[in-house]
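Asks: Residue numbers (my numbering): 18 to 172.
Even glycine gets a Cβ: it sits at the ideal position worked out from N, Cα and C.
Quick one: this structure, given as structure tokens, is what I'll be asking you about.
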């Protein structure tokens, strides 16, 4: 009897997840169309000299241990070579002390309290089941904007 109830519970969870995935796809489609309308209204275009854009975001890496930031040992030779040919922002500051809202801020240009990517509850009683909130639906991201302009994006 217990096995049957576990199977029923698993099926209920699976159905909820499928409904949530369908809802997520519908919202993503609506969001994409809304961004395309905003881009058209602004009259933005991709331009002729389109270049590649790559954000390298590393979590839990001390900048003072990278050779490109002056560390005496050659810890990151490939990154050093790539950085010599790229734009590098050495004085960037994070708007949050953890990765999820910081990356959301990087991609939206908004502070965490504006884009909504944070935990809904205080972290004092944090557990593995707590999930952070998603970005607000009206938070426009750089991949959204570039995708609407015709760039191939991946996030």
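Given a cut-off of 8 Å, decide if residue 52 and residue 165 are closer than it, judged by their beta-carbon atoms.
Replies: Yes.
Asks: Any idea if residue 154 is buried or exposed, counting beta-carbon neighbours within 10 angstroms, 16 or more meaning buried?
Replies: Result: exposed.
Asks: If we call anything under 8 Å between Cβ atoms a contact, is residue 72 one with residue 152?
Replies: Against a cut-off of 8 Å, the Cβ pair of residue 152 and residue 72 comes out as no contact.
Asks: Cβ atoms of residue 134 and residue 149: under 8 Å apart, would you say?
Replies: Their beta carbons are under 8 Å apart, which means residue 149 touches residue 134 by this criterion.
Asks: Using the C-alpha atoms, what's the distance from residue 95 back to residue 102?
Replies: In a straight line, the C-alpha of residue 102 is about 11 Å away from that of residue 95.
Asks: Around the C-beta of residue 46, are 16 or more other C-beta atoms found within 10 angstroms, so that it is buried, or is it exposed?
Replies: Its Cβ having fewer than 16 others within 10 Å, residue 46 is exposed.
Asks: Residue ranges of each alpha helix (DSSP H) run of no fewer than 4 residues wholly in the stretch 42 to 130, ordered along the chain?
Replies: Runs of the alpha helix (DSSP H) inside the stretch 42 to 130: 94 to 101 and 116 to 125.
Asks: Tell me whether the beta-carbon of residue 85 lies closer than 8 Å to the beta-carbon of residue 109.
Replies: No; because the gap between Cβ atoms is not below 8 Å, this pair is not in contact.
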